[in-house]
Structure formats: C-alpha cells, structure tokens
Amino acid sequence: MTYRKKLIEVSLPLEAINVESAREKSIRHGHPSTLHLWWARRPLAACRAVLWASLVDDPSSWPERFPTEEAQNRERQRLFDILGRIELEKDKKGNTKQVVRGLVSWDEINQPNSALLLEAQREIARCLAWERGEEPPTKPDAIRDYIAKYAPPAYDPFCGGGSIPLEAQRLGLQAHGSDLNPVAVLITKALIEIPPKFQDKPPVNPDSRQKQKISSWEGAQGLAADVRYYGQWMRDEAFKRIGYLYPMVETNHKGTKDTKVIAWLWARTVRCPNPACGCQMPLVRSFQLSTKKGKEAWVEPFVGDFNTEGDFNHKGTEDTKGDDFGVSGVSPKIRFQVKTGKGTAPDGTVNRKGAVCLACNTPVLLEHIRREGKAGRMDSQLMAIVAEGQGGRVYLSPDEEQEYIAKKAQPEWKPETELSTHSQYMAAPRYGMTKHADLFTPRQLVALTTFSDLVSETREKIKADAVAAGIPDDDLPLNDGGIGATAYADAVATYLAFGVDRLSDRNSTICSWDISRDSTRNTFARQAIPITWDFAEANPMSDSTGNFNGAIDWVVEVIEKSSCSAPGQVIQIDATKNHKNDSIAKLISSDPPYYDAIPYADLSDFFYVWMRRSIGSIYPEIFNTLLVPKTQEMVADHFRHGSKEKAKQFFEDSLIQVFKRVNQINDKDYPVTIYYALKQTETDDQQNVSSTGWETILEGLIQANFSIDGTWPLRTELSNRMRGQDSNALASSIVLVCRPRPADAPKASRRQFLNELKRDLPQALKLLQQGNIAPVDLAQASIGPGMAIYSKYAAILESNGTSMGVRTALQLINQILDEFLTEQEGEFDSDTRWALTWFEQYQFNEALYGDAETLSKAKNTSIQGMVEAGILEAKAGKVRLLKREDLKTDWKPEKDERTPIWEITQHLIHTLDKNGETGAAELLAKLGNKADLAKELAYRLYSLCDRKGWTQEAIAYNSLVTSWPEITRLANEYKPSPEQLSFSL
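In the numbering used here, the protein residues as written are 81 to 1065.
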C-alpha cells in the first residue's frame, strides 16, 4: 500500500503546541469550552495541530520537489512556522516574554478573516492539488472551495465536547461527530451543526432589526443576538413569576431593603446523637467567608436558646443558667453572626473523619450523619448572606425572613430520577441524596423549572417573530434538517437550554463558596458529585456569578465567534455500530474513553434531566430515555459490570470493534489519529501480564489491522485545576498515528524485529530531537517508530513459535532507546531507567505526578510499583525520588522482592557514607552478581551530575566508584550465609 507521508508521521513543533494547549485552559470569554461544561475536552490547539499535520504532506514524500535532506528540513521548518512557533516579545512594560504564534495560537486564528488561518488552508489545498496533478488555488474563496470539494470529511466517533470536529470545520473540512451520550451530541451540534445553517442571517428579534442594518450581520452574529435578546426576555419573565422568592436586603442602615443578594450561604444540619443535647448541629467545613486583604469576614456561631419573646439568649449568660438542655426537652440552638475585620474564624465542625457538635462538643461519626440523611432528617440553616456592596461584597448575618422565604418555595415539578451510586464519584447518595432533585433546594428547583419551561414558551415567541421577519415557515424542525422559522426557533431554544444548564451548574447544593474570590464555585469543580456541607445558593436574578443573564452571556460569546466555515453533522450512535454515513471515506481523529476512566454518563445525567425538560420535544430521538444511556458506555467500570474482569473484557471487545469500524471507513490517503491518556499497571506476582490501558489501546489497534506509525506526547493540562492539586492526574495526552496494515502483511522473527529496531529507530530519534522534543517526552514518543516496525507485521514470532506481545515489544523498544542514549543504561531495569530520566530533570525535588506517569508508561513501569520498591514517594499529586537519608534503615535485600539497581546504588552510597568501606562491602556481598551494574550506574550518574553542575551529588557517585576496588576486595573476604548465597536478583 503506497501513500504520501504526512507531516504528523515525521515531526511536529511540540513545544509550541504544548505551550499553547496549556495556555488555552485559561482562555475564557468566547472560547468554545465555555459553551457548556464537558469533563474531558481536548485543547483546540492540539486538535487543530493534529488535524492540519494529518492533512499536509511531509516534504520527504515529494523527493522530486525536495530532493535533498537539507531541502526537506528547510521546507519542514517553513511548515513548522505556519503551524506553531515560539517568539520572544516585549510587553508594554518592556519585559520579555514567550509568545506562541501560528495556527495553534487561539489569538491568531480567532481574528476575523484570519490571514494565518488562510495560509494554513492554502497548504492543505496545495497538497490536494499536487496529488491531483493540478495547480494549487491562490485566492481565498478558491482555496476554501477546493478544500470543500476534494478534502475528506473529518469524523470523530467519540466527539464528547466537540473539540476535534470543531477544529476540522475551522480548517474548512466537512465535520462529522457522533457520541452515545446525548449531552455530548447536543454540545457538538451547537458548535458545528447549528451555526452554519444560519450563517450571515440577521436576527429576528424586533430590537436588533431596528438598531442595525440587515446586511451587517456576519457568521453567527445574528443567531447570537437573538439568543441574547430572548435570554433577557426569559429572565424578565422569570422575575415576574418568581422574583418574590429573591428579596433584597438592607445594607445602608436606613431601613430600606434596596440591595440585591448575591448568594445565601447555608450549613447542612443533623440532630446531635447525644441524648443530653439533641441540638440540630450545623455541619460546616469552614466558617471563613472572605480572605481578601482588608475585607476579611467570617461567621461566628453562638449556642443558646430563644426566650418566650423570641429573643436569642447565648449559652452561659444569666438568661440561660436555668435551662436544662436535653433533659427538660429544651435543645440548644445555634445562631450565626457575621464578623468582619481583624480576627480569626473558628474551626469548622466537620471533616473527612467526622463531625463535632457545637453545643456539647460531642464527636460525631460520619455514619451517624449518613443515617440521618438517609432517614430524611438532614436539614439546612442559613449561615450568612452575601450582597452587592459599593466596591465589593457585603457579608450579612442571617435573616429570619430571608430563611422563611427560601424554605416556603414549592416546586411544581422536580427531577425524581435516580442518582448513580458509584462509590468513587458519587458521594451525595451516601447521605440520603438519592435523586437528582435532592441536589437542589426547593427555591433552586422552582427557578430551574421556571427557566426550563420558559425555553418552550420562548421558542413559540421566536417562531412568531421569525415569521414576522420574513423567514418562511415550512414546519420542518431543526432535527429533521429544517432551516425555516420552525428550525430557527429550535436553534435559538437549544442555546437557551444551554443557558439553563449553565445555571444549574451554579445553582445546586453542591456549590461551595470560594473565599479567595468571593464567588460561588460550580457544581462540577471536580469530576464528581461530592457532598458539600456548607453550600452557596446563588441568586439567579442578581448580576453576579450564578445569575441567568451571565449564563446566557457565556453562551452568546461562543456563538458570536463560530467559524461557520463548513457544514457539520452530529448523530447519536454507539461507536461500535455501523452507520449509513460509513460509506463515505473520512479522515478519522478521535479521543476514545480511557480504560477505567470516569463514567461520564453518570455525571452528565445532572444536565440531561434539565435538557430533557427544556428541549426534549425538539430532539425526541436524542432524549428518548429517562437518563443518559449507560450500558454501552465504553469504559472499564467494575462498578457497572460487576467485576474488574468483566469490565476489562467489555472495554477490550468494544475498543476492537470501534477500531475495526474505523479501519473500514477511514480515507486510506490519510493517517488515523487517536488520543489517549491513561495509567499503566504491571505484571502480577506470577509474572502474568495484566492488561493495562496502554497495552489495551495498542493491542486494540493492532488487532483491528492498524500499524502504529508514531506517538506524540501533547501536554494539555494546567497544574491549577482542582483535580491536579490533590490527585494523581495525568499531564499529557498521547496521540497515536496509525495506518491500515495490508491484509497480506508478512510475519517476522524476533531477531528480524530486533535488527530492524536497531537499524531504523536511531534515525527516528534524531528527527524527534530535531523537533525539540522535551527530554521527559522523548521516551514516550519513541514508542511510535518502534511500534511502527512491530505493527507492520501480521505477527512477530518468538523462538518457540508464539506471537510476541505488545509488552515484550515495548520492552525491546525501550532497550534500543537506552542504547541510543547511553550504552550502560540498556542493561538496567525499568525502575532504574525511569529514575535516571526523572533524576536528570528534577533530581530529588518534587514534580507533577502526571509527568512521572507519562514517563513511567514509556519505561514500562509504574509509580505505585516504584513506591513499593522504596525509591519513590508519591502523594498529593506530586512525586519525588527518595533521598538517601530517606531510605529504609533496616533494608534487607535478601527479603526485598523488587530491588532496582537505583535502590542498590543509593543504599551502597549511603552505607559507604555512614559505615565506611567495611559496611558497604558487607552489603555488597549480600547483593550477588548485580553489584557491577551498580558501579555502571554510578558512572552514568557521575557524568550526568558533572554535566548539570551538581557538585555535591557528583562527589557521592565518584566516591563509590573510587572506593569500588577496596569494597570489592573486602566483600570477597565476607562469608555470606546460605540464605544469602541463594539470593538472586
């Protein structure tokens, strides 16, 4: 099978792509990721780069045009400059900073009529024209028309948040996406399918049509204007109906309530189990309200009771001395008062271990709180009120009237659907919150139901205005391909429903108060539905975080920037199933589920229940189930499938089916690109290979008759995200570049495979280094050219006739890489090879777990294994190599089942330092015949430290080497015990 190699199969400007991908997480207004929350969204910069590099030919595929290596390198660099480059620029203050320019830059491609985007499209058209033997088009419209006519449509069978189809559309390709999850389908539809249908159309609302000339509306600006207008109409109408539930407060001390509330802060409560108390005890994680300098505020709790006049008497005062709390049936009460200025907030009353009663100081187990919640006896008490003040937030003590109004709200409808009880991601059900309705206060339910119902009402108003504006009404819905008044009303209503979803994310009892920013956190600050003890109830009628107008503004800003450059189509299907559209060959790029990753179907039910109510009638086929489909969600979830083995089998079988389908429908002139980010396990105690996610993806591709031509590590995460702060979250995605393997592919022997690795891999590594690949990523990227050799054969046969597995192939690839970098390292174990590379980057300092995990995949080891081996510490999202003084003082190598050369070497140096050559010799005698490798590692580490300028560390390794002759002599004189003689490493 002959084809022209694409740029992505040879080299990429990874540094520029990675820098911009990470920066993109901080871009907010107008960025497509802000249209609707999705949990595993690939950065647009990375998707754009991968797609473009999959479409553009590498210069080496045109030897008649670029006959020399020098010419090819020069042309490749020109393409790099278009795709992504890092430049040094000075800011207004004269400070020099790094700036990413090129196609990957959001700032450059997001400009109207972007010259850079046109230049990138010109390269795509040029490659298409050269292949067809035609002159490439030069004018902008001709370039776009040429791509639309001759480029393959792009397809992502796991479209999720829509990043890949959106970027394919931006490049001028027809964009196709599909997903089993209805929420993902609607998000992607809103990004790529709806805007092009109404491109350059003016708005239909009367205000916009009067204020602006009809001819001035470009792209999706008219659509955006209507979403803003009708969103405001919804808000005004909602206020007329339920505004009484959101009373103002007094802040001017003049007796007038004229200040809007931003949020009400509540504490969940349960009855104290102490029979002598019985207090409705508040569960508060923190009493702090604000930590902003000069605006500090906190809540002070007081214990007491109410007298016959309704006045609160503090415990311990003259008014309460006669009270016999609990015994006489008088339970103590808790009152909250807001304090500001200098002072210290009291400790919270609940943590992961349990709670404490404020009234009697009785420790309370979480099990009691769970029982109370499941019995329906968990309540809430208003703790503070946040209002709009001059120059910032104003914190007020709770008000009886405010609490009464909040609790008298009675929703006419609520989502009575069952919450998932997944033990890892769904904590709320353990406390009696078993239905989606339980995640909201009554007032929140009234608001969300009101806004959801208003979507349908507003749709009818939009349709009438569209007809009045001259749009013909063919009664053909948007879901059936309509583009008339009915379809337009459906389109605007879809975005309004997204506003309701955004509102729900900021208006549940899972939302907490951010004391550093003085604002409400969203429900999904993490990829889970936890229990939140003290929660923030935002005011949807305010002008601050959590209000409906704000939710609509986020949606509008995304629509305004829609590219509308090519048509798009999104459908809901199981990726393992064939579809009628499969008859058209496509460019495939996808981000499939990650083995045992989070089951997003469980989480997206939160949004689905509101979407189904607001726009279920517009998309009846998508919303034909009560909740998001889960049975066929492709994730190895033992909770759902009953056991780890069944979950593993389901995932592997599904993955192979998907890849076989992909192989059938992909355009053979272009590579398939697959994103993956996962953790790797190891062999068990009997040396049986466990099926890790990494091996599964490779095996799945190979069994689907793909060859793997390249792997590219793309760094896509910022370290400031919540999950990254306190958990072992991955920092990189790996992009696998694949080609179909010919049906008549031959078999090869192990020796032939090794010979080819030794011949071809070094040249591929040189190309990677020329592309400025980061050292920590070099090992991961080397899997690509190595697996290209392995996967081009139908099988690699071992000497006994069995087929070599992926794990063995990875081990051999690592060995060749090690030989390329240094001859000595090839003999070391996987743990030591990992430690060497990590040490070169970070010495004994802490660094991100995700970086460590990425490296561990390539080195065929795992972080947990190295922790158990005693060379590593991993906690709170950070990893560090243990210093020699942190090693076990009672280490017995003869009983250690996992003894990396790294551990041996560090123990020898430590023993030499503390007990001299005699002590080191005694240890050396116990170590057997691997002692020489410790010496070789000391040579390697000395060279590394010397090059890095780490003088003191270099001296330690030099001391071991210089002392080696004497240590060896003394060790030979040391007589080991029979147990030591049998010890084998």
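Cβ atoms here follow ideal geometry from the backbone N, Cα and C, with glycine treated the same way.
For Leu794, the three-state secondary structure derived from DSSP is strand.
Per the coordinates, the alpha-carbon of Gly110 lies some 4 Å from the alpha-carbon of Val638. Within the same chain, Asp553, Ala565 come within 7 Å of Val547 by CB-CB distance, once the 5 residues on both sides are set aside. Here Ser596 has Thr371 as same chain residues with Cβ atoms under 7 Å from its own Cβ, once five neighbours each way along the sequence are excluded. Lys413: member of the beta strand (DSSP E) spanning 413 to 420, first to last residue. Bridge partners of Thr339 according to DSSP: Val329.
Rounded to whole angstroms, the gap between the alpha carbons of Asp976 and Glu983 is 11 Å. Under the DSSP assignment, Ala234 falls outside any alpha helix (DSSP H), being part of the beta strand (DSSP E) whose first and last residues are 234 to 236. Here the C-alpha atom of Ala1000 lies approximately 9 Å from the C-alpha atom of His987. Counting along the chain, Ser684 sits inside the alpha helix (DSSP H) bounded by residues 680 to 695. Contact fails between the stretch 280 to 290 and the stretch 650 to 666, because fewer than three Cβ pairs, one in each stretch, are under 8 Å apart.
Ala949 and Asp911 do touch by the CB rule: their CB atoms are close to 6 Å apart, below 8 Å. Three or more beta-carbon pairs separated by less than 8 Å are not found between the stretch 422 to 437 and the stretch 309 to 329, which leaves the two stretches without contact.
Secondary structure note for His721: its alpha helix (DSSP H) is the uninterrupted segment 718 to 721.
The three-state reading of DSSP puts Met314 in helix, counting H, G and I together. Annotation: the continuous beta strand (DSSP E) that includes Asp259 extends over 255 to 259. With 16 or more other CB atoms across the displayed protein chains lying within 10 angstroms of its CB, Leu1013 is buried. In this structure Pro276 is in contact with Ala646, their Cβ atoms being roughly 7 Å apart against a cut-off of 8 Å. Cβ atoms of Gln482 and Ile465 come within 8 Å of each other, at about 6 Å. If you draw a straight line from the Cα of Ala605 to the Cα of Lys740, it comes to about 37 Å. In the displayed model, Asp553 falls within coil according to three-state DSSP, outside both helix and strand. In the structure shown, Ala489 falls within a coil segment according to DSSP collapsed to helix, strand and coil. From the listed residues Ile166, Arg181, Ser643, Lys86, the smallest Cα separation to Ile272 is found for Ser643. Runs of the alpha helix (DSSP H) lying entirely within the stretch 446 to 495 and spanning at least 4 residues, in chain order: 446 to 454, 480 to 487. For Val130, the three-state secondary structure derived from DSSP is helix.
Per the coordinates, the alpha-carbon of Trp1030 lies some 33 Å from the alpha-carbon of Glu974. Ala823 counts as exposed, since fewer than 16 other C-beta atoms from the protein chains shown sit within 10 angstroms of its C-beta. Contact between the stretch 235 to 249 and the stretch 119 to 134 is present, with at least three C-beta pairs closer than 8 Å. In this structure, the beta-carbon distance from Leu583 to Glu317 does not fall below 7 Å. Taking 7 Å as the cut-off, the beta carbon of Ala255 is found closer than this to the beta carbon of Ala234. Of the candidates Cys207, Trp186, Ile162, Cys207 places its Cα closest to the Cα of Trp142. A straight line joining the alpha-carbon of Arg365 with that of Leu438 spans about 13 Å. Excluding the 5 residues flanking it on each side, Asp749 has same chain C-beta neighbours closer than 7 Å at Tyr83, in chain order. Contact between the stretch 909 to 923 and the stretch 820 to 839 is absent, with fewer than three C-beta pairs closer than 8 Å. With a cutoff of 7 Å on beta-carbon distance, Gly164 and Ile97 are scored as near each other. Judged by DSSP in its simplified three-state form, Lys872 adopts coil rather than helix or strand.
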